[in-house]
Amino acid sequence: MSNVNPMGWRLQISGTFLVIGLLIEAICLFSSKPIAFVLFVAIGGVFLLAGVTVFLFSLVSTPPHG
Amino acid sequence: MPSGTTLIVILVLFSAALIGVLVARPGVTATRGGKILAFLVLFFLPILCGAMGISSEMERSKTTAFCLSCHTMGAYGKSLHVDDPSHISAAHFQNHRVPAEEACYTCHTDYAMFGTLKVKLDGLRHVYIYYLGTPPAPENIKLYEPYNNRECLHCHLGARSFEEGATHTADPATLPAIKSNQLSCLSSGCHDVVHDISHLKNAKFWKEKN
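Residue numbers (our numbering), protein chains in the order written: chain A, 1 to 66; chain B, 1001 to 1210.
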């Protein structure tokens, strides 16, 4: 089997979005200001959604082995 | 920070670290076990973290401290400590007729279907005005719509002091009018001193004993 994983680069994009989203969420959870709530949902949430969407897209767009 | 929030932060950071490993070594997903790990780490954990975080943030957004963290609300927070039982918000706060840690939310939420969502959307509007617009002076802040008796009746309906109160029962038409929101609790000359922040300068304040 080749070492090159066809899903690899999509997973990296997905993972990068998710890490950014999760770090934003972690920072926002430390603050009790209303702006933190907005950033949590509007920026952290968007990155998480984008990451999960890219991951799901990578699953359906990868050609089956064989 | 509450312990529940600390646990969520730990879970979020743990998830981010696992995702970081997958990003650095995407080759691990070539195996069956790696694919299962990728599903858990790139799908399940982020959704779990997002859901738990939203739940935590929603709970925190109900707290009195959260509402009073904008300085525009400072005078309203101060009005909760006025030493005068005719100040309805102060009397409710000081006597724990509403939970002191969620005093603003308890009276200013909307006890109807999707009420919490509606007030949170209003809250987003407040944040927008606070950061990007021109916030009005505290004494010029008005409710979006007249205060609905439904919010008072959420607790007082059925209570002896409400149902059998001398003023409420003096005229048989009074209670039905209150219950149908025809006669406002707050603006009919009955319980009309609420925050009254324009007179705080001369007010006497209650000091909470620790």
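Ideal placement from N, C-alpha and C gives every residue a C-beta, glycine not left out.
Own chain, CB closer than 8 Å to residue i, minus 5 neighbours either side, in chain order
i         : result
A:PHE57   : ARG10
B:ASP1192 : LEU1186
B:CYS1049 : ILE1008, LEU1011, VAL1012, SER1015
Residue i versus residue j - alpha carbon distance
i         : j         : result
B:GLN1182 : A:ALA26   : 47 Å
A:LEU48   : A:LEU22   : 7 Å
B:GLY1123 : B:LEU1186 : 23 Å
B:LEU1117 : B:MET1058 : 10 Å
B:ASP1171 : B:GLY1189 : 15 Å
A:PHE53   : B:GLU1208 : Reading off the sequence, residue 53 of chain A comes out as Thr, not Phe. Distance between the alpha carbons of A:THR53 and B:GLU1208 is about 51 Å.
A:PHE17   : B:GLY1034 : 20 Å
B:HIS1195 : A:SER61   : 59 Å
B:ARG1025 : B:ILE1047 : 22 Å
A:SER32   : A:GLY44   : 16 Å
B:PRO1176 : B:ALA1090 : 27 Å
B:LEU1178 : B:VAL1119 : It should be noted that the sequence gives Ile, not Leu, for residue 1178 of chain B. Each residue's alpha carbon lies about 23 Å from the other.
A:GLY8    : B:LEU1132 : 41 Å
A:GLN12   : B:GLY1115 : 40 Å
A:LEU59   : B:THR1031 : 14 Å
Limits of the unbroken alpha helix (DSSP H) element including residue i
i         : result
B:GLN1094 : 1088-1094
B:ILE1141 : No alpha helix (DSSP H) contains B:ILE1141, which DSSP labels as neither H nor E.
A:TRP9    : 8-30
A:VAL52   : 45-61
B:ALA1024 : 1003-1024
B:VAL1127 : 1115-1132
B:THR976  : What the structure shows of chain B is the stretch from 1001 to 1210, and residue 976 of chain B is not part of that stretch, so it cannot be assessed.
B:TYR1105 : 1103-1108
B:ARG1097 : No alpha helix (DSSP H) contains B:ARG1097, which DSSP labels as neither H nor E.
Nearest-angstrom Cβ-Cβ length linking residue i and residue j, presumed shorter than 8 Å
i         : j         : result
B:LEU1042 : B:LEU1022 : 7 Å
B:SER1079 : B:LEU1200 : 6 Å
A:LEU29   : B:ILE1008 : 6 Å
B:PRO1138 : B:ILE1197 : 6 Å
B:THR1106 : B:PRO1099 : 6 Å
B:THR1072 : B:TYR1144 : Their Cβ separation, rounded to whole angstroms, is 16 Å, which puts B:THR1072 and B:TYR1144 out of contact at 8 Å.
B:VAL1012 : A:ILE35   : That belief does not hold up - the Cβ atoms of B:VAL1012 and A:ILE35 are roughly 19 Å apart, past 8 Å.
B:SER1056 : B:THR1005 : 5 Å
B:LYS1081 : B:PHE1205 : Here residue 1081 of chain B turns out to be His, not Lys, going by the sequence shown. With 8 Å as the limit, B:HIS1081 and B:PHE1205 qualify as a contact, their Cβ atoms being about 5 Å apart.
A:VAL46   : B:GLY1020 : In fact, because the Cβ distance is near 20 Å, the residues do not count as touching under 8 Å.
Contact set for residue i: own chain, Cβ-Cβ below 7 Å, skip 5 residues either direction
i         : result
B:ASN1148 : ASN1181
B:SER1086 : VAL1193
B:GLY1002 : Going by the sequence as given, residue 1002 of chain B is Pro instead of Gly. Nothing listed; no residue qualifies.
B:CYS1152 : CYS1185
Own chain residues within Cβ distance below 6 Å of residue i, not counting five before or after
i         : result
B:ARG1150 : TYR1111
B:CYS1104 : THR1064, CYS1067
B:HIS1092 : VAL1098
B:LEU1018 : VAL1041
B:HIS1154 : TYR1111
B:PRO1135 : THR1072, ILE1129
B:ALA1203 : VAL1082
Q | Complete runs of the beta strand (DSSP E) confined to the region 1035-1062 of chain B [at least 3 residues] | A | If only uninterrupted beta strand (DSSP E) runs of at least 3 residues are considered, none is enclosed by the region 1035-1062 of chain B.
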